[in-house]
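Participant:
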Amino acid sequence: MKGWEFTGTHIPLKIVEKPDPQVKPGYVVLKTKAGGLCHSDVSALEHESWMPSFNVPVIMGHEVCGEIVAKGEGVEGFEIGDVVAVCPLHAKDGTTPGYTRDGGYGTMTTAPVEQLVKVPEGVTYAQAAAATDAGATAYHAVVTVGEVKTGMKVGIIGVGGLGQIGVRVAVVKGCEVYVATRKPEAQELAKELGAKEVKSSILDFADKNLDVIIDFAGSGKTTEDAISVVAPHGRVVLVGMACDFANVNTMSIIMKEVTLVGSQGSFPSELGDVMAMMATGELAPILNTISFEQIGEGIDLLTEGKVKGRLVCVYED
């Protein structure tokens, strides 16, 4: 097999050849069909603070869709030939694709059965890969952590790879959605996704009495602004990782009894929900596809902020 290997911060990924992975109890071996590229991979290449999360050297890529080509003892409910998406978290052995075991930037990979979700008919390989992180992470933030309900007023900050999905999920759930994003093309996209109003800053919605605000930017200032704008007893969900530290108005949190909560990743059941929405057409995020050989170039595009939507490597059959 071949894969793009990560060895450390400030070191470019390189293509390496390795023996094909071997099956073991509780695991399946996958022929990779698609692997999503994520901004967190760029962060790991740029910031040393990410290194404790990795067991290097490792093939990067935590957004994986693949076909089962072998299965180990104890794997039930899945057969050779099944196409599955891999939830990046909640492995019983604590491993994560692209971090502590080889991931989706490789032509083959492995996954434990508890992370597997069958890809439904009508969902492409690229969609399934994007659903594992961008899709399910946004869904988890809006539905599970944000606790949105029909009729709620929901603010969304940022309309990137995750934010665009967050907007659509909130709309589908029957919420009145107010979006804050600066880029004109992102503003137009938010309107197309069903947002009621779109402005450049969440502060522009100070009079809307927003029940929940999901911060997909996480620049520090965006979180501070969300706390100041959200309604009394409201909820602010922090997803974006644009900075490691931020200053927030603690008095505002106290006096308004604001709930500030972080949101990371998702559960396999949520990944299933997202792919079900994709299968019906309710959710159709913007995806840009590249080849295996272009993964290095794709990382550069992400670094330069030149990707609209999500970037996914689709492998040749």
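Residues in the sequence shown are numbered from 1 upward in steps of one, following the UniProt record's numbering. All C-beta atoms, glycine included, are put in the ideal place defined by N, C-alpha and C.
Thinking just about the alpha-carbon of each residue, which of 130, 116, 198 is nearest to the one in residue 27?
Facilitator: Numbered from its first residue, the sequence shown carries residue 27 at position 27. Of the listed residues, the one whose Cα sits closest to residue 27 is 116.
Participant: Decide if the stretch 141-150 is in contact with the stretch 73-91; the criterion is three or more beta carbon pairs, one per stretch, under 8 Å apart.
Facilitator: no
Participant: Would a C-beta distance cut-off of 8 Å place residue 201 and residue 226 closer than the cut-off?
Facilitator: Taking the first residue of the sequence shown as position 1, residue 201 is located at position 201. Taking the first residue of the sequence shown as position 1, residue 226 is located at position 226. Cβ distance not < 8 Å, so residue 201 and residue 226 don't count as in contact.
Participant: Apart from the five residues on each side of it in sequence, which residues of its chain come closer than 6 Å, Cβ to Cβ, to residue 270?
Facilitator: By one-based count along the sequence shown, residue 270 stands at place 270. Excluding sequence neighbours, residue 270 sits near 136, 139, 140.
Participant: Helix, strand or coil: which one does DSSP assign to residue 217?
Facilitator: By 1-based counting over the sequence shown, the position of residue 217 is 217. In the structure shown, residue 217 sits in coil (DSSP, three-state: anything other than H, G, I, E or B).
Participant: Can you tell me whether DSSP reads residue 71 as helix, strand or coil?
Facilitator: Along the sequence shown, one-based indexing puts residue 71 at 71. Residue 71: strand per DSSP, three-state reduction.
Participant: Considering only the alpha carbon of each residue, which of 164, 166, 2 lies closest to residue 20?
Facilitator: Working through the sequence shown from its first residue, we reach residue 20 at position 20. With distances taken between Cα atoms, residue 20 lies closest to 2.
Participant: Going straight from the alpha carbon of residue 62 to that of residue 70, what length do you get?
Facilitator: Taking the first residue of the sequence shown as position 1, residue 62 is located at position 62. Taking the first residue of the sequence shown as position 1, residue 70 is located at position 70. The straight-line gap from Cα to Cα measures roughly 20 Å.
Participant: Counting Cβ pairs, one atom from each stretch, are 3 or more of them under 8 Å apart for the stretch 32-52 and the stretch 120-131?
Facilitator: yes
Participant: Rounded to whole angstroms, what is the Cα-Cα separation between residue 266 and residue 132?
Facilitator: To locate residue 266, count along the sequence shown from 1; it is residue 266. To locate residue 132, count along the sequence shown from 1; it is residue 132. Taking the straight line from one Cα to the other gives about 8 Å.
Participant: Roughly how many angstroms lie between the CA atoms of residue 243 and residue 142, to the nearest whole one?
Facilitator: As a first step, residue 243 is located in the sequence shown; it is residue number 243 there, counting from the start. As a first step, residue 142 is located in the sequence shown; it is residue number 142 there, counting from the start. So the alpha carbons of these two residues sit roughly 21 Å apart.
Participant: Would you kindly check if the distance between the Cβ of residue 186 and the Cβ of residue 220 is under 8 Å?
Facilitator: Residue 220 sits at position 220 when you count from the first residue of the sequence shown. Residue 186 sits at position 186 when you count from the first residue of the sequence shown. No, Cβ-Cβ distance for residue 220 and residue 186 is not below 8 Å.
Participant: Could you tell me if residue 295 is buried or exposed, where buried requires 16 or more neighbouring beta carbons within 10 angstroms of its beta carbon?
Facilitator: Walking along the sequence shown from the start, residue 295 turns up at place 295. So residue 295 counts as buried.
Participant: Please report how far the alpha carbon of residue 155 lies from the alpha carbon of residue 171, in whole angstroms.
Facilitator: Counted from its first residue, the sequence shown places residue 155 at position 155. Counted from its first residue, the sequence shown places residue 171 at position 171. One C-alpha to the other measures close to 11 Å.
Participant: Does residue 312 pass the burial test, meaning 16 or more other C-beta atoms within 10 Å, or should it be called exposed?
Facilitator: What you label residue 312 is simply residue 312 of the sequence shown in a count that begins at 1. Its Cβ being crowded by 16 or more others within 10 Å, residue 312 is buried.
Participant: Rounding to the nearest angstrom, what Cα-Cα distance links residue 262 and residue 293 in this structure?
Facilitator: Mapped onto the sequence shown, residue 262 falls at position 262. Mapped onto the sequence shown, residue 293 falls at position 293. Those two C-alpha atoms are separated by around 35 Å.
Participant: Look at residue 285 and residue 134 and say whether their C-beta atoms are less than 8 Å apart.
Facilitator: Here the question's residue 285 lines up with position 285 in the sequence shown. Here the question's residue 134 lines up with position 134 in the sequence shown. Contact flag set, yes.
Participant: Report the option in 203, 309, 299 whose CA atom is closest to the CA atom of residue 42.
Facilitator: The residue given as residue 42 occupies position 42 in the sequence shown. The shortest C-alpha separation from residue 42 is found at 299.
Participant: Do you know how far the Cα of residue 122 is from the Cα of residue 287?
Facilitator: In the sequence shown, residue 287 corresponds to position 287, counting from 1. In the sequence shown, residue 122 corresponds to position 122, counting from 1. Each residue's Cα considered, the two are about 16 Å apart.
Participant: Can you name the start and end residues of the alpha helix (DSSP H) that residue 162 belongs to?
Facilitator: Taking the sequence shown and counting its residues from 1, the one referred to as residue 162 is at position 162. No residue range can be given for residue 162, since it is assigned to no alpha helix (DSSP H) and is classified by DSSP as neither H nor E.
Participant: From residue 13 to residue 258, what does the alpha carbon distance come to, in whole angstroms?
Facilitator: Counting from 1 along the sequence shown, the entry for residue 13 is found at position 13. Counting from 1 along the sequence shown, the entry for residue 258 is found at position 258. Within the model, the alpha-carbon separation for residue 13 versus residue 258 is close to 42 Å.
Participant: For residue 251, tell me which candidate among 106, 232, 55, 241 has the shortest Cα-Cα distance.
Facilitator: Counting from 1 along the sequence shown, the entry for residue 251 is found at position 251. When only C-alpha atoms are compared, the closest one is 232.
Participant: Taking a contact to mean a Cβ-Cβ separation below 8 Å, would you say residue 68 touches residue 4 in this structure?
Facilitator: On the sequence shown, residue 68 is found 68 positions in, with the first residue counted as 1. On the sequence shown, residue 4 is found 4 positions in, with the first residue counted as 1. In this structure, residue 4 does not lie closer than 8 Å to residue 68 by Cβ.
Participant: Thinking C-alpha only, which one of 66, 289, 210 is nearest residue 385?
Facilitator: Outside the shown range of the chain (1 to 317) lies residue 385, about which nothing can therefore be said.
Participant: Give me the residue from 100, 22, 78, 25 with the minimum Cα distance to residue 7.
Facilitator: The residue labelled residue 7 in the question sits at position 7 within the sequence shown. The candidate whose alpha carbon is nearest that of residue 7 is 100.
Participant: Taking the C-alpha atoms as reference points, what is the distance between residue 229 and residue 52?
Facilitator: Translated into the one-based positions of the sequence shown, residue 229 becomes position 229. Translated into the one-based positions of the sequence shown, residue 52 becomes position 52. When rounded, the distance between both Cα atoms is 35 Å.
Participant: Need the endpoints of the beta strand (DSSP E) that residue 5 sits in, please.
Facilitator: For this step, residue 5 is matched to residue 5 along the sequence shown. Residue 5 -> beta strand (DSSP E) spans 2-6.
Participant: Find the nearest neighbour of residue 310 within the set 93, 165, 240, 91, judged by alpha-carbon distance.
Facilitator: Counting from 1 along the sequence shown, the entry for residue 310 is found at position 310. Per the Cα distances, 165.
Participant: Taking the CB atoms as reference points, tell me whether residue 119 and residue 86 lie closer together than 8 Å.
Facilitator: Here residue 119 refers to the residue found at position 119 of the sequence shown. Here residue 86 refers to the residue found at position 86 of the sequence shown. Contact flag unset, no.
Participant: How would you call residue 195, buried or exposed, if buried means at least 16 neighbouring beta carbons within 10 angstroms?
Facilitator: Residue 195 sits at position 195 when you count from the first residue of the sequence shown. Classification for residue 195: buried.
Participant: Could you please give the first and the last residue of the uninterrupted alpha helix (DSSP H) stretch that includes residue 27?
Facilitator: By 1-based counting over the sequence shown, the position of residue 27 is 27. Taken as a continuous stretch (DSSP letters only), residue 27 belongs to no alpha helix (DSSP H), being part of the beta strand (DSSP E) at 27-37.
Participant: At the level of alpha carbons, what is the spacing between residue 214 and residue 315?
Facilitator: As a position in the sequence shown, residue 214 is number 214, starting the count at 1. As a position in the sequence shown, residue 315 is number 315, starting the count at 1. Using only the alpha carbons, I get a separation of about 33 Å.
Participant: Pull up the CB-CB distance for residue 239 and residue 216, whole angstroms please, since I reckon it's below 8 Å.
Facilitator: Within the sequence shown, residue 239 is the residue found at index 239, counting from 1. Within the sequence shown, residue 216 is the residue found at index 216, counting from 1. In this structure residue 239 touches residue 216 by the C-beta definition: roughly 5 Å separates them, less than 8 Å.
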